Amino acid sequence: MSRRRVITRFAPSPTGPLHLGHAFSAMTAFDMARAHGGCFVLRIEDIDRSRSRVKWEREIERDLAWLGLSWPRPVVRQSDRAPAYREALLRLAERGLTYACICNRSDIREAAAAPQEGAPMLGPDGIVYPGTCKHADHPYEGSAIRLHMDRALALVPEIAFEETGAAGTGRIALDAEHMLRMIGDVVLARRDMGTSYHLSVVLDDSAQSISHVVRGLDLFDATPIHVLLQSLLGLRSPIYHHHRLIRDDTGKRLAKRDDARSIAAYRDTGATPADIRRLVGLPSAS
Ligand code: GLU
């Protein structure tokens, strides 16, 4: 591990209860920080105002504390960080790296299904955007803002990051061809939010000096977007540790709606934090 101070984070969206998969992620990040004499931080990712609830925020904090985790306060909440997101978007826009998009989901589905497009590609955010609005020059006000991927790649032709988790240890590099075909012009700011998961997570990991991003393999495909944005914004990239996903007995990934597997439900039926660690395959806390 590098000599940089180890700072890890758990960054839940408060849209439901903490379940086993989240607990595994949080405990893995906490254990990593502790093993290196570092620091673990909690960040509340509540940019989706329509789905986030303070009630879930409180319950998530209560469950994490019950599991034996601790973190510095006050906790950073993305809903308080809009000015930082705006400022970064403006910097990218001034360099011609963004454009306004007025397509809705069905516009995108239709455009991507046009015969000349070939089979629609599915990227980390769904169908790879076919570029309908790229040259339309729509006003930014009231539009979604997308990354102009080909211009971005002209500045950053190779996307590389260090991985220490389940995706294989070492340097992972992706070329422009992968970024164009599999990712495309991702949304940096949703019309209703003024930002997006990708932009916020990159700015917040940097603002909180996160050295190691510990998160599930389900987010692995989003990581090249984050590394590209770090490069464009002049931010240092953290090391990435994508961990295995916790599945139920039938091999299905646990989802938020599996309330029976929420940490609160386990606690209510008498499970201890040690039982939870055992269930997700973590060694007992020392
Ligand atoms: N907020 C995201 C989620 O709850 C996690 C983001 C991340 O770890 O990068 O799924």
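The sequence shown stops at residue 291 when you use the working numbering, and every number in between is there. For every residue, glycine included, the Cβ atom is placed at its ideal position computed from N, Cα and C. It should be emphasised that the depicted structure is a prediction, and the values quoted were computed from it without experimental measurement.
Residue burial is scored here from C-beta neighbours: R110 has fewer than 16 other C-beta atoms within 10 angstroms and is therefore classed as exposed. Contact between the segment 113-127 and the segment 145-165 is not established, with fewer than three Cβ pairs separated by less than 8 Å. A residue is called buried once 16 or more other Cβ atoms fall within 10 Å of its Cβ, and D51 is buried on that count. In chain order, I12, R14, W76, P77, Q213 place their CB closer than 7 Å to the CB of V46, counting only its own chain and leaving out the 5 sequence neighbours on each side.
CA-to-CA, the gap between M198 and D53 works out to about 7 Å. Look at G42 here: in three-state DSSP terms it is coil, with no helix or strand label. For D180, the enclosing beta strand (DSSP E) stretches over residues 175-180.
Contact between the segment 167-174 and the segment 98-116 is absent, with fewer than three C-beta pairs closer than 8 Å.
For P229, the shortest separation between its Cβ and any heavy atom of the ligand GLU does not lie below 6 Å.
Beta-bridge partners of E163 (DSSP): D180. A38 and C44 have their C-alpha atoms some 5 Å from each other.
In the assembly as shown, L94 is a buried residue. Its beta-carbon has 16 or more other beta-carbons within 10 Å.
One alpha carbon belongs to I268, the other to V232, and they sit about 32 Å apart. With a threshold of 6 Å, the Cβ atom of P17 counts as near the ligand GLU, since some heavy atom of the ligand is closer than that.
Our two residues, R10 and E182, have alpha carbons roughly 34 Å apart in a direct line. Burial of E66 is indicated by the presence of at least 16 other C-beta atoms within 10 angstroms of its C-beta.
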